[in-house]
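Start counting the sequence shown at 19; every next residue gets the next number (this note's numbering).
Yeah, the Cβ is synthetic: ideal placement off N, Cα and C, and Gly gets one too.
This report refers to the structure that appears directly beneath it.
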Amino acid sequence: MSSSLLDQRIVAVKPITVPAPDRGAELQVKVTAPLSGRHLPVIVFSHGNAWSLDGYEPLVDRWAAAGFVVVQPTHLDSRRNGIGWDDPRFATIWRVRIADLHTVLDHLDDIVVQVDGLAPRVDRERVAVVGHSWGAQTAGAILGARVLGADGTPGEDFSHPAVSAGALIAATGTGDTLTPFAAEHLPFMRPDYSTMVTPALIIAGGKDQSQLSTRGPEWFTDAYHLSPSPKSLLTIAEGEHTLGGLAGEMVAETSDEDPSRVALVADSISAFLLDTFETTDGTTDETTDTGWTDLGVEALAGDAGWTISSK
Numbered sequence: 019m020s021s022s023l024l025d026q027r028i029v030a031v032k033p034i035t036v037p038a039p040d041r042g043a044e045l046q047v048k049v050t051a052p053l054s055g056r057h058l059p060v061i062v063f064s065h066g067n068a069w070s071l072d073g074y075e076p077l078v079d080r081w082a083a084a085g086f087v088v089v090q091p092t093h094l095d096s097r098r099n100g101i102g103w104d105d106p107r108f109a110t111i112w113r114v115r116i117a118d119l120h121t122v123l124d125h126l127d128d129i130v131v132q133v134d135g136l137a138p139r140v141d142r143e144r145v146a147v148v149g150h151s152w153g154a155q156t157a158g159a160i161l162g163a164r165v166l167g168a169d170g171t172p173g174e175d176f177s178h179p180a181v182s183a184g185a186l187i188a189a190t191g192t193g194d195t196l197t198p199f200a201a202e203h204l205p206f207m208r209p210d211y212s213t214m215v216t217p218a219l220i221i222a223g224g225k226d227q228s229q230l231s232t233r234g235p236e237w238f239t240d241a242y243h244l245s246p247s248p249k250s251l252l253t254i255a256e257g258e259h260t261l262g263g264l265a266g267e268m269v270a271e272t273s274d275e276d277p278s279r280v281a282l283v284a285d286s287i288s289a290f291l292l293d294t295f296e297t298t299d300g301t302t303d304e305t306t307d308t309g310w311t312d313l314g315v316e317a318l319a320g321d322a323g324w325t326i327s328s329k
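If you want it as structure tokens, here you go:
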């Protein structure tokens with residue numbers, strides 16, 4: 019997908035409050051969508067730790083320009099809620115995050131109707147979840163991944179029937195190599211990907227060295243290697259945790275500022291999701307061009323700075 023996407027007109031509406039009794043704080047979302055087009059697919063996006071619906075504009079705006087409706091909830095761990103590691107509520111936030119995505123998916127009709135003229139243009143049969151960092155583990159649960167208990171027993175199934183595809187960016191690896199800090203404060207960071215059956219694209223940075231694991235960047239590829247097919251893995255050789263600045267331009271967390279890298283992440287996800295939607299609903303043929311095949315060809319050239327694996 020080319021730079022012409024930047025010329026596409028989009029609209030964003032925020033905040034939209036979604037009913038979420040007993041959550042402890044209002045669940046608010048932002049909707050970003052193209053001004054034109056019909057049969058628009060949906061991405062529900064889960065942010066990384068401490069962010070909010072106001073983050074990730076470089077990513078979200080590009081998806082909207084490519085024809086997606088993007089819904090971004092603000093999770094309880096957002097900085098604006100002031101819940102730190104030592105807050106007793108923090109231990110259950112991972113569950114509230116998953117509940118947030120379920121609530122958004124269950125109230126999708128009520129959400130999109132808040133944007134003038136959008137509701138009849140949305141394709142409710144093409145819905146995906148995407149997440150970055152902690153948000154990737156949250157989204158992974160919706161795709162079928164589970165959380166292992168202290169005894170190694172898989173937890174409950176949080177998958178949602180409305181979701182037919184997804185993408186996980188810098189997703190948490192397995193919990194057997196957590197650092198002492200992570201093991202103490204993030205005991206839920208023990209994903210079991212063996213049950214994540216929904217088609218998904220996993221994106222990892224070749225230089226993403228987590229402070230939460232004693233392993234190297236390959237930790238972020240577990241979601242691909244340990245899950246059943248169909249899955250694809252995009253590895254960006256020089257990418258670090260924010261993969262060029264996904265959360266925003268010139269933000270403090272970005273250690274590898276590169277707008278072209280952000281565009282690659284956004285466009286790869288758009289292409290993968292469109293390809294997956296059209297494959298699962300039976301509309302793909304040899305003339306269909308989602309862009310995913312072209313990305314694979316470019317990766318095979320060997321000098322793109324990134325690789326794609328699929329199973």
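TODO: Use the C-beta contact count for Ala319: other C-beta atoms within 10 angstroms, 16 or more gives buried, fewer gives exposed.
DONE: Taking the sequence shown and counting its residues from 1, one reaches residue 319 at position 301. When all chains shown are included, Ala319 counts as exposed.
Task: Whole-Å CB distance - Gly66 paired with His150, under 8 Å assumed - done: Mapped onto the sequence shown, residue 66 falls at position 48. Mapped onto the sequence shown, residue 150 falls at position 132. Rounded, the Cβ-Cβ distance is 5 Å, consistent with contact.
- [ ] Taking only runs that begin and end inside the region 172-247, name each unbroken alpha helix (DSSP H) of 4 or more residues, in chain order.
- [x] 198-203, 240-243
- [ ] Could you check which residue in Tyr74, Lys48, His243, Phe86 has the C-alpha nearest to that of Trp190?
- [x] In the sequence shown, the residue the question calls residue 190 occupies position 172. First, the residue type needs correcting, since residue 190 is Thr and not Trp in the sequence shown. Scanning Tyr74, Lys48, His243, Phe86 for the CA closest to the CA of Thr190 turns up His243.
TODO: Ignore the nearest five residues each way along the sequence and tell me which others in Arg107's own chain have a CB closer than 8 Å to its CB.
DONE: Taking the sequence shown and counting its residues from 1, one reaches residue 107 at position 89. Once the five neighbours on either side are set aside, the close Cβ partners of Arg107 are Gly42, Leu94, Ile101.
Open item on the list: For the beta strand (DSSP E) containing Leu161, name the first residue and the last one.
Closed with: If you number the sequence shown from 1, residue 161 lands on position 143. For Leu161, no beta strand (DSSP E) encloses it, and the DSSP letter there is neither H nor E.
Task: With 16 other Cβ atoms within 10 Å as the buried cut-off, status of Phe199 - done: Here residue 199 refers to the residue found at position 181 when the sequence shown is read from its first residue. That one is exposed.
- [ ] Report the three-state DSSP secondary structure of Arg144 (helix, strand or coil).
- [x] As a position in the sequence shown, residue 144 is number 126, starting the count at 1. Three-state DSSP puts Arg144 in a strand.
- [ ] Could you spell out the range, first to last residue, of the beta strand (DSSP E) harbouring Ile111?
- [x] Reading the sequence shown from its first residue, position 93 is the one you call residue 111. Where Ile111 is concerned, there is no enclosing beta strand (DSSP E), although the alpha helix (DSSP H) it sits in stretches over 111-124.
TODO: Return the chain-ordered list of same chain residues with a C-beta closer than 7 Å to the C-beta of Arg115, the five sequence neighbours on each side being excluded.
DONE: On the sequence shown, residue 115 is found 97 positions in, with the first residue counted as 1. These residues qualify, in order along the chain: Ser64, His93, Thr156.
- [ ] Please classify Glu258: is it buried, with 16 or more other beta-carbons within 10 angstroms of its beta-carbon, or exposed?
- [x] Within the sequence shown, numbered from 1, the residue matching residue 258 stands at position 240. By the neighbour-count criterion, in which 16 or more other beta carbons inside 10 Å mark a residue as buried, Glu258 falls on the buried side.
Task: 8 Å Cβ cutoff met for Ser177 and Leu166 - done: In the sequence shown, counting from the first residue as 1, residue 177 sits at position 159. In the sequence shown, counting from the first residue as 1, residue 166 sits at position 148. No, Cβ-Cβ distance for Ser177 and Leu166 is not below 8 Å.
Task: Exposed unless 16 or more other CB atoms sit within 10 angstroms - verdict on Asp303 - done: Walking along the sequence shown from the start, residue 303 turns up at place 285. Low local confidence applies: a pLDDT of 45 at Asp303 is under 50, so the model's placement there is unreliable, with the coordinate-based value given in what follows. Flag for Asp303 reads exposed.
Open item on the list: Between which two residues does the alpha helix (DSSP H) holding Val78 run?
Closed with: Here the question's residue 78 lines up with position 60 in the sequence shown. Here the alpha helix (DSSP H) through Val78 covers 75-83.
Open item on the list: To the nearest angstrom, how far is the alpha carbon of Glu256 from that of Ala109?
Closed with: Along the sequence shown, one-based indexing puts residue 256 at 238. Along the sequence shown, one-based indexing puts residue 109 at 91. Distance between the alpha carbons of Glu256 and Ala109 is about 33 Å.
Task: Span separating the alpha-carbon of Val283 from that of Trp310 - done: The residue labelled residue 283 in the question sits at position 265 within the sequence shown. The residue labelled residue 310 in the question sits at position 292 within the sequence shown. Rounded to the nearest angstrom, the two C-alpha atoms are 12 Å apart.
Task: Element boundaries [beta strand (DSSP E), containing Leu251] - done: One-based indexing of the sequence shown puts residue 251 at position 233. Element bounds for Leu251: 249-254.
Open item on the list: I'd like to check one pair, Val89 with Val122: are the Cβ atoms closer than 8 Å?
Closed with: Taking the sequence shown and counting its residues from 1, the one referred to as residue 122 is at position 104. Taking the sequence shown and counting its residues from 1, the one referred to as residue 89 is at position 71. For Val122 and Val89, yes; Cβs fall inside 8 Å.
Task: Inter-residue Cα distance where the pair is Val29 and Thr197 - done: On the sequence shown, position 11 is the one that residue 29 refers to. On the sequence shown, position 179 is the one that residue 197 refers to. Computed Cα separation, rounded: 42 Å.
- [ ] Run through the region 258-305 for me and flag every whole alpha helix (DSSP H) of 4 or more residues, listed as ranges in chain order.
- [x] 277-298
Task: Nearest-angstrom Cβ-Cβ length linking Thr213 and Pro277, presumed shorter than 8 Å - done: The count along the sequence shown starts at 1 and reaches residue 213 at position 195. The count along the sequence shown starts at 1 and reaches residue 277 at position 259. So it is not a contact: roughly 36 Å between Cβ atoms.
- [ ] Compute the beta-carbon to beta-carbon distance between His203 and Trp103, rounded to the nearest angstrom, for a pair I have assumed lies under 8 Å.
- [x] One-based indexing of the sequence shown puts residue 203 at position 185. One-based indexing of the sequence shown puts residue 103 at position 85. Going by Cβ atoms, the distance from His203 to Trp103 rounds to 5 Å, so yes, they are a contact pair.
Task: Element boundaries [alpha helix (DSSP H), containing Leu318] - done: By one-based count along the sequence shown, residue 318 stands at place 300. Note, Leu318: alpha helix (DSSP H), 310-318.
- [ ] Would you grab the beta carbon distance between Val31 and Val87 for me? Rounded to a whole angstrom, and I think it's under 8 Å.
- [x] The residue you call residue 31 lines up with position 13 of the sequence shown. The residue you call residue 87 lines up with position 69 of the sequence shown. The beta-carbon separation of Val31 and Val87, rounded to 11 Å, does not stay under the 8 Å limit for a contact.
- [ ] Tell me Pro91's beta-bridge partners as DSSP assigns them.
- [x] Taking the first residue of the sequence shown as position 1, residue 91 is located at position 73. Answer is Val47.
Open item on the list: Considering just the uninterrupted stretch of the beta strand (DSSP E) at Leu53, what are its terminal residues?
Closed with: The count along the sequence shown starts at 1 and reaches residue 53 at position 35. Taken as a continuous stretch (DSSP letters only), Leu53 belongs to no beta strand (DSSP E), as it is neither H nor E.
TODO: Within 10 angstroms of the Cβ of Pro335, are there 16 or more other Cβ atoms? Answer buried if so, exposed if not.
DONE: Outside the shown range of the chain (19 to 329) lies residue 335, about which nothing can therefore be said.
Open item on the list: My output table needs one value for Trp103: the three-state DSSP class, helix, strand or coil.
Closed with: The sequence position of residue 103 within the sequence shown is 85, counting from 1. Annotated three-state conformation of Trp103 is coil, per DSSP.
Open item on the list: Out of Val140, Leu291, Arg208, which one is the CA nearest neighbour of Pro248?
Closed with: For the purposes of this step, residue 248 is taken as residue 230 along the sequence shown, with counting starting at 1. Residue Leu291 is the option with its Cα nearest to Pro248.
Task: Pro33, DSSP secondary structure in three states - done: Along the sequence shown, one-based indexing puts residue 33 at 15. Strand, per DSSP.
Task: Reference Trp152; option with closest CA among Thr50, Lys225, Phe238, Arg142 - done: The residue given as residue 152 occupies position 134 in the sequence shown. With distances taken between Cα atoms, Trp152 lies closest to Phe238.
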